[in-house]
Structures are given as structure tokens and as C-alpha cells.
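All remarks here apply to the structure that follows.
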Amino acid sequence: MKERSNFYTNCLVLNMFISAGFVIEQMIEETDNEIIQLHDENNDFVKRAKMFPVTFVIKARKF
Numbered sequence: 001m002k003e004r005s006n007f008y009t010n011c012l013v014l015n016m017f018i019s020a021g022f023v024i025e026q027m028i029e030e031t032d033n034e035i036i037q038l039h040d041e042n043n044d045f046v047k048r049a050k051m052f053p054v055t056f057v058i059k060a061r062k063f
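UniProt numbering applies: residue 1 is where the sequence shown begins, and numbers increase by one.
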């Protein structure tokens with residue numbers, strides 16, 4: 001599987017929202033344990049999912 005060369009960190013995403021005039025009201029980061037259990041423990045996806053959230057939700061409003 002080829003790695004994506006273009007990815008955004010959570011910090012960069014939040015800064016882009018703020019720079020565009022949004023106010024961050026809430027942020028949720030979760031790792032879905034069901035997804036992790038479907039894959040082999042040695043799978044690269046599982047290792048990364050344990051370190052980084054699989055789900056990243058931002059609630060924002062335009063200021």
C-alpha cells in the first residue's frame with residue numbers, strides 16, 4: 001500500500017479553520033475499537049490507529 005504524501009496534521013486543520021474566520025466550538029477525536037479489532041494486531045493501520053484518531057470531528061461556526 002502506498003502512503004499518501006499529502007496529509008494534514010490536526011493542528012494545521014484547526015489553524016486553517018481559524019484563519020478562515022471560524023470559531024472552534026468543539027473537537028472530538030476517537031479511535032474506533034471495532035475497526036481495530038477487525039484487523040491483525042501487526043497491521044500498519046492498527047498501529048497508526050492506536051497512535052492517532054481514526055475519527056476527527058470539528059464543530060465550528062463562522063465568526
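Where a beta carbon is used, it is the ideal one built from N, C-alpha and C, also for glycine.
Short of 8 Å in beta carbon distance, which residues of its chain neighbour residue i, apart from the five on each side in sequence? Order them along the chain.
{"i": "residue 111", "result": "Here the chain comprises residues numbered 1 to 63, so residue 111 is not present and cannot be evaluated."}
{"i": "threonine 55", "result": "Ile28, Glu29, Glu30, Thr31, Asp32"}
{"i": "leucine 14", "result": "Ile24, Met27, Ile58"}
Considering only residues of the same chain and omitting the five flanking positions on each side of residue i, which have a CB-CB separation below 7 Å?
{"i": "lysine 62", "result": "Gly21, Phe22"}
Enumerate in chain order the residues of its own chain whose CB-to-CB distance from residue i is below 6 Å, with the five nearest sequence positions on each side excluded.
{"i": "lysine 46", "result": "The displayed chain sequence assigns valine, not lysine, to residue 46. Same-chain partners within the cutoff: Ile36, His39."}
{"i": "methionine 27", "result": "Ile58"}
{"i": "methionine 51", "result": "none"}
How would you label residue i, buried or exposed, when you count the other beta carbons within 10 angstroms and need 16 or more for buried?
{"i": "methionine 1", "result": "Caution applies to methionine 1, whose pLDDT of 48 falls short of 50 and renders its modelled position unreliable; the model cannot decide the point."}
Can you tell me whether residue i sits near the ligand PLP, meaning its C-beta is under 6 Å from at least one heavy atom of the ligand?
{"i": "aspartate 40", "result": "The model on display carries no ligand, and the ligand PLP is accordingly not part of it."}
What are the uninterrupted segments assigned as beta strand (DSSP E) that are 3 or more residues long and contained completely in the segment 14–59, given in chain order?
-> Complete beta strand (DSSP E) runs here, min 3: 22–30.
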